[in-house]
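Notes to accompany the following structure.
2 protein chains.
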Amino acid sequence: MEARSKRTYNIPAEATIEVIGGKWKMLILCHLTYGPKRTSELKKAMPGITQKMLTQQLRELEDDGIIIRTVYNQVPPKVVYELSEIGESLSGVLDQLCEWGEAFIQGRLSRGRKEGSIRE
Amino acid sequence: MEARSKRTYNIPAEATIEVIGGKWKMLILCHLTYGPKRTSELKKAMPGITQKMLTQQLRELEDDGIIIRTVYNQVPPKVVYELSEIGESLSGVLDQLCEWGEAFIQGRLSRGRKEGSIRE
DNA sequence: CTGGATCCAGCAAGATACTG
DNA sequence: CAGTATCTTGCTGGATCCAG
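Going line by line, the protein sequences match chains A and B.
Per the UniProt record's numbering, numbering through the first sequence is continuous, rising by one, with the last residue being 120.
Per the UniProt record's numbering, numbering through the second sequence is continuous, rising by one, with the last residue being 120.
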């Protein structure tokens, strides 16, 4: 798995991207900022993701020490994911992600793609 | 190309991820925060990227109105990319990205992967 | 010589079914 | 409910070719 060993980065942001740059990781982490969540809860929160991808991305985040995976040995099975201390330190990034998204959606709605853009 | 028309998002961050979530987009944008850059400069700044991917990601960013592409009709050819106004508004996200990356690298160096993680 | 497009191979992501 | 295995699909990467 080679959990991103010490590489050399051209700019620091590359390190961040290596850790949270997976296709679904930022989204997963955003949801986890609202508190610990079970696998099924995450799946519900992200209708587009498949079980495979969810498990895979969660494993990688766990390997990088961003999230903590807790297994309850019981029936039915119960697995809870939550941000680790390092993961919590990402809140700044994740908050910005959310904030900009809101602004972008608002801006798009009000201005409604004014200039050109012919497609469709 | 269907430049991300108004979809419905479960959380605002999804919008951000749709726009800057491409494999190289955040990295490209990070470099552009330091000022306008030519295609060749971006390529040099990102040794891992191919011309094709660079062009493709730049086009998508342009279609989304994040960056501005300026072509100088001259020989040799010269194409310059820079952040648009909307792109500039991403500086908060991009700065956080860089900052966290620095902290992460530092943390890893000082603590040096204390717990487990055998590889290499 | 720079920037970009095309073609094909390889790998990661999507979908579904199955196990504990 | 959580995770694995398998197959299919589509994107990424590399080389090559084209336009200015």
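Note that beta-carbon positions come from the ideal geometry of N, C-alpha and C, so glycine has one too.
Being a predicted model, the structure only gives us computed values, none of them experimental.
Contact of A:Ser-89 with chain B is assigned, a C-beta pair being separated by under 8 Å. By the 16-neighbour rule on beta-carbons within 10 angstroms, A:Gly-21 is buried. By the 16-neighbour rule on beta-carbons within 10 angstroms, B:Lys-25 is buried.
In the displayed model, B:Thr-70 falls within a strand according to three-state DSSP.
Between A:Gly-35 and B:Ala-15, the C-beta gap is not smaller than 8 Å, which leaves the two residues out of contact. For B:Leu-90, no alpha helix (DSSP H) segment is defined, and its DSSP state is neither H nor E. No residue range can be given for A:Val-75, since it is assigned to no beta strand (DSSP E) and is classified by DSSP as neither H nor E. Using a C-beta cut-off of 8 Å, the stretch 60-76 of chain A makes no contact with the stretch 73-89 of chain B, since fewer than three inter-stretch Cβ pairs fall below that distance.
Neighbours of B:Asn-10 in chain A, taken as residues whose beta carbon is under 8 Å from its own, are Ala-45, Met-46, Pro-47 in chain order. Boundaries of the alpha helix (DSSP H) around B:Asp-63: 51-63. Check the Cα spacing between B:Asp-64 and each of B:Leu-94, B:Gly-87, B:Met-53: the tightest is with B:Gly-87. The beta-carbon separation of A:Gln-96 and B:Gln-96, rounded to 5 Å, stays under the 8 Å limit for a contact.
At least one CB atom of chain A sits nearer than 8 Å to the CB of B:Glu-14. DSSP, read as helix, strand or coil, puts B:Lys-25 in helix. A Cβ-Cβ distance of about 5 Å is found for the pair B:Val-79 and B:Thr-39, placing them in contact under the 8 Å criterion. Taking the C-beta atoms as reference points, B:Cys-30 is found nearer than 8 Å to B:Leu-94. Within 10 angstroms of the beta-carbon of B:Pro-47 lie fewer than 16 other beta-carbons, which makes it exposed. Straight-line measurement puts the Cα of B:Met-53 at about 27 Å from the Cα of B:Phe-104. Annotated three-state conformation of A:Arg-108 is helix, per DSSP.
For A:Arg-59, the closest C-alpha among the options A:Pro-12, A:Ile-28, A:Tyr-72, A:Thr-33 is that of A:Ile-28.
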